[in-house]
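Chains as they are written, first to last, in the working numbering: chain H, 3 to 294; chain R, 34 to 312. Each residue gets a CB set at the ideal place from its N, CA and C atoms; glycine is no exception.
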Amino acid sequence: ALTTKLDAVFKKLAGRGRLSEKDVDDALREVRVALLEADVHFRVARDFVARVRERAVGSDVLGSLTPGQQVVKIVHEELLSVLGEGQPRLSLSPTPPTVVMLVGLQGSGKTTTAAKLALHLRKGGQRPLLVAADVYRPAAVEQLVTLGKQLDIPVYQQGIAADPVEIVQNGIRRAREQGNTVALLDTAGRLHVDDEMMQELVRIKERIAPHEVLLVVDAMTGQDAVRAAGDFHQQVGLTGLILSKMDGDARGGAALSVRAVTGVPVKFLGTGEKTDALEPYHPDRLASRILG
Amino acid sequence: QLFQRGQLDQALWDALEEALISADVGVATTERLLEAVKARVRQVDHPSPEDAHLALKEEMVRTLETPPAPPPELSACPRVVLVVGVNGVGKTTTIGKLARHFRSQGQRVLLAAADTFRAAATEQLQLWGERVGAEVVAHQPGADPGAVAFDALQAARSRDVDVVIVDTAGRLHTKVNLMEELKKVRRVLQRLDPQAPHEVLLVLDATTGQNGLLQARAFTEAVEVTGVILTKLDGTAKGGIALAICADLGLPLVFVGTGETPEDLAPFDPATYVDALLP
Ligand SMILES: Nc1nc2c(ncn2[C@@H]2O[C@H](COP(=O)(O)OP(=O)(O)OP(=O)(O)O)[C@@H](O)[C@H]2O)c(=O)[nH]1
Ligand SMILES: Nc1nc2c(ncn2[C@@H]2O[C@H](COP(=O)(O)OP(=O)(O)OP(=O)(O)O)[C@@H](O)[C@H]2O)c(=O)[nH]1
Ligand SMILES: [Mg+2]
Ligand SMILES: [Mg+2]
Chain H
3 ALTTKLDAVF KKLAGRGRLS EKDVDDALRE VRVALLEADV HFRVARDFVA RVRERAVGSD
63 VLGSLTPGQQ VVKIVHEELL SVLGEGQPRL SLSPTPPTVV MLVGLQGSGK TTTAAKLALH
123 LRKGGQRPLL VAADVYRPAA VEQLVTLGKQ LDIPVYQQGI AADPVEIVQN GIRRAREQGN
183 TVALLDTAGR LHVDDEMMQE LVRIKERIAP HEVLLVVDAM TGQDAVRAAG DFHQQVGLTG
243 LILSKMDGDA RGGAALSVRA VTGVPVKFLG TGEKTDALEP YHPDRLASRI LG
Chain R
34 QLFQRGQLDQ ALWDALEEAL ISADVGVATT ERLLEAVKAR VRQVDHPSPE DAHLALKEEM
94 VRTLETPPAP PPELSACPRV VLVVGVNGVG KTTTIGKLAR HFRSQGQRVL LAAADTFRAA
154 ATEQLQLWGE RVGAEVVAHQ PGADPGAVAF DALQAARSRD VDVVIVDTAG RLHTKVNLME
214 ELKKVRRVLQ RLDPQAPHEV LLVLDATTGQ NGLLQARAFT EAVEVTGVIL TKLDGTAKGG
274 IALAICADLG LPLVFVGTGE TPEDLAPFDP ATYVDALLP
């Protein structure tokens, strides 16, 4: 663990006293490696370590903390300041239906997460409608319909012949007619560099003005997370992130990078394949996980 | 613009380190590669940045070529290919592409829908089968994946099929019960044919970071992976963890996925891959 590594670096520091610049640089090398091994983006890690250095150089070794623990404490605090607030909510509209759009790269977990969100919202007293706007992936509509049946949550779909913009607009109209309070739009996975597909998201957004645009990010994403999330944010505009597959052993550094670069809040964590596997975001737990 | 510097200074090594780390090559493998390059350029009289650049590319190609891809088991009838990997990496889509690839060589292909868990997994594979001309053996949702694999191999023998490709459910390698289930699928195949599965292909998403190495280790430990397929290289991710996988585990890369249509599969070529990673 990082604390053990830093303790080794600092055990030459005999008693109490100020940390010297050299002590701090040795420790920061370990911090930087830990962050990179946790998939934190190269530049984000560099900027982060620079901020930690600023705080650590000249600081006193506190009370009973070892110098290593002192640096870890500063690192932990800096991580939390980037990772943001826990428990951010979905902003529900005073005039239903609230429209929540799920976007992201292929295979990140959007369809499964849409179902999870629908279940979560229903448990909270909402009446959700799922909208199947992925007309490209084979059996994507069937996947959402099957999930809807399992949960007894309605799914609006028009098969694969229609334009996703039309499907979404019709889905929201259906929600309004049927008294659904939230419409959850499942969109097709797409590359941030696929102009046509990104334009489709922009057209959907302009047509129906969603209250939430949530990027689903796979927890095991590496350095590319910043590029992809940055492009989605710039082109479509995001209101939140959902980190999926957090039940694995990926360190999740992509979350730190995306937070640092886009400032978009993490709203939920996907923690399993079943539809009840959705948890609120705990930044302190993610910080410990990233540090390893 | 990495190599417009006039000399081999620390700035150049830093730039190379950033290029590799940013491609998900990882800290340890990056250090190993750069050490090897430094050792090589030390033997050159007036090494230029171009020398370093070229030496690095050569080191990377050498790393990727070191585990030779085993020749396909062409005498097996049918040849059995088991496809495994974590959730959402592109297994089912890749199987569709592999089936098209074998079909284009005139082979009869049968697909086993052994993902009996995920919603519409069977339907997804069936659509791919229709698209590329491969029959699909499937059971009802919740059925035992081993039973599907068994029936598929039986059917393949009786129908004179050349290749059976077994699709499995995505599973995180940390889930012990799911890894046990996968081992059981493999044992079922072995019971029918001691040589089966002739290939165990791990599908890895190019956007995956350091976790890819843990995935490769765990799946190899469980079901003896014979090769890796790197998908989604049509994005901006470089899949550099493949270098760590080759270096540490000696697993060959066999194919790359470059899109969502049946044709978007190419044999892995180290030189092409390295040129894309380090232009
Ligand atoms: N273990 C685990 N698996 C998950 C989680 N979320 C989704 N999955 C799985 O990840 C895989 C991909 O999920 P999908 O919901 O199909 O992903 P998607 O983003 O809709 O995929 P595309 O529509 O093709 O882009 C499936 O096997 C899901 O069961 C999670 O939190 N944990
Ligand atoms: N751009 C791109 N997308 C891909 C590629 N390979 C697969 N995909 C997409 O990735 C998503 C997931 O593919 P699947 O084949 O369902 O992945 P899987 O591993 O079978 O998923 P699970 O069975 O749920 O674990 C789909 O949207 C595919 O179209 C690729 O090479 N490039
Ligand atoms: Mg989907
Ligand atoms: Mg699949």
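Going by DSSP, what residues sit across from residue i in a beta bridge?
{"i": "S83/H", "result": "DSSP, once it has assigned bridges, lists no residue as partnering S83/H."}
{"i": "T223/H", "result": "T241/R"}
{"i": "E168/R", "result": "L143/R"}
{"i": "L41/R", "result": "BP columns for L41/R are empty, so no partner."}
{"i": "M103/H", "result": "L187/H, V215/H"}
{"i": "Q160/H", "result": "I162/H"}
{"i": "T264/R", "result": "D238/R"}
{"i": "S81/R", "result": "Paired residue(s): none; S81/R is not in a bridge."}
{"i": "T201/R", "result": "A147/R"}
Cutting at 6 Å between CB atoms, please list the residues of its own chain near residue i, excluding the five before and the five after it.
{"i": "M199/H", "result": "R192"}
{"i": "M103/H", "result": "L187, P212, V215"}
{"i": "L225/R", "result": "L186"}
Taking C-beta pairs closer than 7 Å, name the residues in chain R that residue i reaches, listed in chain order.
{"i": "K7/H", "result": "None at all; the shortest Cβ gap to chain R is about 13 Å."}
{"i": "M222/H", "result": "T241, G242, N244"}
{"i": "S93/H", "result": "By Cβ distance, chain R contributes nothing, its closest Cβ being about 28 Å from S93/H, past 7 Å."}
{"i": "L104/H", "result": "Here the premise fails: no neighbours, minimum Cβ distance about 14 Å."}
{"i": "T148/H", "result": "A152, A153"}
Here's the rule I'm using: 16 or more other beta-carbon atoms within 10 Å means buried, otherwise exposed. How should residue i be labelled?
{"i": "K24/H", "result": "exposed"}
{"i": "I292/H", "result": "buried"}
{"i": "Q243/R", "result": "buried"}
{"i": "E208/H", "result": "exposed"}
{"i": "V209/R", "result": "exposed"}
{"i": "E275/H", "result": "buried"}
{"i": "H134/R", "result": "buried"}
{"i": "A16/H", "result": "Note that A16/H scores a pLDDT of 46, beneath 50, so its modelled location is shaky; the value from the coordinates is reported in the next line. A16/H is exposed by the Cβ-count criterion."}
{"i": "R192/R", "result": "exposed"}
{"i": "T201/R", "result": "buried"}
{"i": "H79/R", "result": "exposed"}
{"i": "P101/R", "result": "exposed"}
{"i": "E144/H", "result": "buried"}
{"i": "P312/R", "result": "exposed"}
{"i": "T305/H", "result": "Outside the shown range of chain H, which is 3 to 294, sits residue 305/H, and nothing can be said about it."}
{"i": "G127/H", "result": "exposed"}
{"i": "G150/H", "result": "buried"}
{"i": "P285/R", "result": "buried"}
Strictly below 8 Å CB to CB, what residues from chain R border residue i?
{"i": "E39/H", "result": "G59, V60, Q243"}
{"i": "V35/H", "result": "V60"}
{"i": "A257/H", "result": "Under the 8 Å cutoff, chain R gives no residues; its nearest Cβ is about 12 Å from A257/H."}
{"i": "L107/H", "result": "T240, K265, G268"}
{"i": "G111/H", "result": "N120, G121"}
For a contact meaning CB atoms closer than 8 Å, what does residue i contact in chain H?
{"i": "V118/R", "result": "Note that residue 118/R is Gly in the sequence shown here, rather than Val. Going along chain H, no residue has its Cβ under 8 Å from G118/R, so there is no contact; the nearest lies around 10 Å."}
{"i": "I54/R", "result": "L38, F44, Q225"}
Going along chain H in order, which residues have a C-beta closer than 9 Å to the C-beta of residue i?
{"i": "T269/R", "result": "L193, H194, V195, D226, R229, A230, D233"}
Cβ closer than 7 Å: which chain H residues qualify as neighbours of residue i?
{"i": "W161/R", "result": "P140"}
{"i": "L247/R", "result": "D251"}
{"i": "T207/R", "result": "G250, D251"}
Going by beta carbon distance, what residues of the same chain come within less than 7 Å of residue i, once the five residues before and after it are set aside?
{"i": "A304/R", "result": "V94"}
{"i": "V11/H", "result": "D28, A29, E32, G70"}
{"i": "V70/R", "result": "A85, A88, L89, E92"}
{"i": "P103/R", "result": "T259"}
{"i": "G166/R", "result": "R136"}
If you check the beta carbons only, do residue i and residue j fall under 7 Å apart?
{"i": "G290/R", "j": "T264/R", "result": "yes"}
{"i": "F183/R", "j": "V221/R", "result": "yes"}
{"i": "L121/H", "j": "L146/H", "result": "no"}
{"i": "P236/R", "j": "V122/R", "result": "The sequence shown places Val at residue 236/R, not Pro. Yes, the Cβ-Cβ distance between V236/R and V122/R is below 7 Å."}
{"i": "A231/H", "j": "L82/H", "result": "no"}
{"i": "L310/R", "j": "A56/R", "result": "yes"}
{"i": "G224/H", "j": "T241/R", "result": "yes"}
{"i": "D233/H", "j": "A190/H", "result": "no"}
{"i": "H231/R", "j": "V113/R", "result": "yes"}
{"i": "Y283/H", "j": "G109/H", "result": "no"}
{"i": "A185/H", "j": "V238/H", "result": "no"}
{"i": "R253/H", "j": "A40/H", "result": "yes"}
{"i": "P285/H", "j": "P90/H", "result": "no"}
{"i": "A58/H", "j": "V46/H", "result": "no"}
Ordered along the chain, which non-local residues of its own chain (more than five positions away) have a Cβ less than 8 Å from that of residue i?
{"i": "L158/R", "result": "T125, I128, G129, L144, A146, D148, V169, A171, D200"}
{"i": "V26/H", "result": "R55, A58, V59, V73"}
Starting from residue i, find everything on chain R with Cβ-Cβ shorter than 9 Å and list it in chain order.
{"i": "G86/H", "result": "Correct list: empty, because the minimum Cβ distance to chain R is about 21 Å."}
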